[in-house]
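Sequential numbering from 1 applies to the sequence shown in the UniProt record's numbering.
Backbone N, C-alpha and C fix where the C-beta goes; we use that ideal spot for every residue, glycine too.
Just so you know, these numbers come straight off a predicted model, no measurement behind them.
Presented below is the structure to which this report refers.
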Amino acid sequence: MNTWTLSLQNSNSPIFDMMIFFHDFTMIILILITTMILFLMF
Numbered sequence: 001m002n003t004w005t006l007s008l009q010n011s012n013s014p015i016f017d018m019m020i021f022f023h024d025f026t027m028i029i030l031i032l033i034t035t036m037i038l039f040l041m042f
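Written as structure tokens, this is what we have:
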């Protein structure tokens, strides 16, 4: 089993689907903020 994945397991409920969407959305935002900060530092 591969444990180094960035995504979550498949869900069985609609609430967990929303949680997965929230996780993916926040990861995109965090990556964008991190790249902008790194770009401004150099």
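Under the three-state DSSP convention, the category residue i falls into
i   : result
N16 : Here residue 16 is Phe; the residue named in the question, Asn, does not match the sequence. Note: F16 maps to helix in three-state DSSP.
L32 : helix
F39 : helix
M1  : Unreliable positioning characterises M1 in this predicted model, as indicated by a pLDDT of 49, which lies under 50. A coordinate reading is not provided.
Whole-angstrom distance between residue j and residue i, CA atom to CA atom
i   : j   : result
F36 : I15 : Before going further, note that residue 36 is Met rather than Phe in the sequence given. Approximately 32 angstroms between the Cα atoms of the pair.
Reference residue i; option with closest CA among the options
i   : options              : result
F22 : L40, I33, L8 and N12 : L8
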